[in-house]
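Just so we're aligned: 133 in the UniProt record's numbering is position 133 of the sequence shown, and the numbers increase by one with no gaps anywhere. Report on the structure given below.
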Amino acid sequence: TRLLACSPEELLTYKGMDIGPTFVHPNYRHNPINGDVSASYNKPASVMHFSRESNFTEDYLLFIDADMLLVRDLDPIALGAKPGTVVSEEVGYMIGSRNAMAKNFLTPEAVPLAKPVGWYHVFHRSDILRIAPLWLEFCGK
Numbered sequence: 001t002r003l004l005a006c007s008p009e010e011l012l013t014y015k016g017m018d019i020g021p022t023f024v025h026p027n028y029r030h031n032p033i034n035g036d037v038s039a040s041y042n043k044p045a046s047v048m049h050f051s052r053e054s055n056f057t058e059d060y061l062l063f064i065d066a067d068m069l070l071v072r073d074l075d076p077i078a079l080g081a082k083p084g085t086v087v088s089e090e091v092g093y094m095i096g097s098r099n100a101m102a103k104n105f106l107t108p109e110a111v112p113l114a115k116p117v118g119w120y121h122v123f124h125r126s127d128i129l130r131i132a133p134l135w136l137e138f139c140g141k
């Protein structure tokens with residue numbers, strides 16, 4: 001399912017709704033929580049709205065960007081995903097876990113556990129329901 005940040009007005013003229021299953025949620029470019037303006041809030045807002053409102057029944061969710069292609073099936077369990085463990089890919093150029101940023105959000109003992117990850121995330125449903133609103137909240141800090 002594709003996640004689309006779109007206002008009701010934008011949706012009236014949006015072309016492409018027929019390309020596949022699409023979950024539409026409010027656009028968070030103008031973040032209603034903190035008043036900040038940045039399209040970067042749409043990723044955590046998408047996950048939050050989808051996990052709360054879509055009534056999905058799958059045990060695992062794969063979150064990827066729209067420009068990613070899958071060339072074979074992914075087995076979440078074989079990748080190591082399970083309740084309490086989100087699977088992602090190490091992305092060496094992401095510096096947020098190596099500079100002082102992690103100290104702003106984590107307890108001192110958790111800081112060394114922060115890793116530079118991205119590209120895709122495989123969540124167990126129990127984790128995404130708990131993580132999604134926190135992801136949006138922490139992005140606003």
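Every residue gets a Cβ at the ideal spot worked out from N, C-alpha and C, and that includes glycine.
Where residue i sits in the DSSP three-state scheme
i	result
T57	coil
V37	strand
L136	helix
residue 142	A question about residue 142 goes unanswered here, because the residues of the chain that appear run from 1 up to 141.
Residue range of the beta strand (DSSP E) that includes residue i
i	result
L3	2 to 5
S88	87 to 90
F123	117 to 124
Beta-bridge partners of residue i, as assigned by DSSP
i	result
T22	R2
F50	DSSP lists no partner for F50.
K82	T85
L62	V122
Cβ separation of residue i and residue j, assumed to be a contact under 8 Å, to the nearest whole Å
i	j	result
A102	A114	4 Å
V122	P76	5 Å
R2	T22	5 Å
I33	Y120	Incorrect: roughly 26 Å between the Cβ atoms, too far for contact.
Limits of the alpha helix (DSSP H) - the one that residue i falls within
i	result
P8	8 to 13
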